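In this note's numbering, the protein residues as written are 2 to 189.
Beta carbons: idealized from backbone N, C-alpha and C, even for Gly.
Since we're looking at a predicted model, the values are computed, not measured.
One structure is given here, and the rest of the page talks about it.
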Ligand SMILES: Cc1cc2nc3c(=O)[nH]c(=O)nc-3n(C[C@H](O)[C@H](O)[C@H](O)COP(=O)(O)O)c2cc1C
């Protein structure tokens, strides 16, 4: 059993990374394999609306010169998925939005490629915009016929600051535990 997480932050190993790792820790305790894909430094652009994925129906994006298909491949192979983003102007980062549009549209073109996989969301932020950011990411999962297990939010601005948010750290720990519980019910 495997969970793959996508960190939409352009800041590698920052607060979103820390939150994801705390979810991972709980999953790993239950013997679930984890893999992290940080979009920082990787190229990913938005959907160009060519609709070739609807013609090809090959579970891949027709635009092959960035990291989108690598992400899609990892999503297909995992039983669980975490989308993580810092809040940028009360929403997800441009990198995360590009991933949602690309991987989500390919899934729709192929009749729901991520059906019955378990999805979770994490958000890091300094002060405001968490709910809107969660909402943006939450639209990805129903489009792929997935099950959303929950979300975790952590507050902090500078790298590592999120660890001082005790409630936030508890929330991601609980999220990992619930995700492991459901994955084991569905896939063990
Ligand atoms: C361009 C930009 C926009 C941001 N917008 C917001 C915002 O709207 N609300 C907020 O609370 N924090 C905002 N922040 C702060 C980040 O969400 C915060 O520093 C977060 O912990 C970064 O996570 P990371 O280390 O994973 O990148 C912004 C930061 C940047 C660089």
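{"Item": "Closest Cα partner of residue 76 within the set 7, 140 and 123", "Value": "7"}
{"Item": "Range of the contiguous beta strand (DSSP E) that encloses residue 122", "Value": "119 to 126"}
{"Item": "Contact the region 46 to 55 vs the region 14 to 28: 3+ CB pairs below 8 Å", "Value": "no"}
{"Item": "Selected residue, minimal CA-CA separation from residue 128, among 110, 115, 141 and 158", "Value": "158"}
{"Item": "Check: residue 15 C-beta below 7 Å from any heavy atom of ligand 1", "Value": "yes"}
{"Item": "Any non-hydrogen atom of ligand 1 closer than 7 Å to residue 50 Cβ", "Value": "no"}
{"Item": "Alpha-carbon spacing of residue 96 relative to residue 63, whole angstroms", "Value": "18 Å"}
{"Item": "Top-ranked residue by Cα proximity to residue 67, from 117, 85 and 99", "Value": "99"}
{"Item": "Option in 105, 170, 92 and 183 with minimal Cα separation from residue 72", "Value": "105"}
{"Item": "Neighbour-count burial assignment, residue 172, 16 or more Cβ in a 10 Å radius", "Value": "buried"}
{"Item": "Residue 141, buried or exposed, once every other Cβ within 10 Å from all chains shown has been counted against 16", "Value": "buried"}
{"Item": "Close beta carbons around residue 181, own chain, < 7 Å, minus the five adjacent residues each side", "Value": "27, 28, 31 and 33"}
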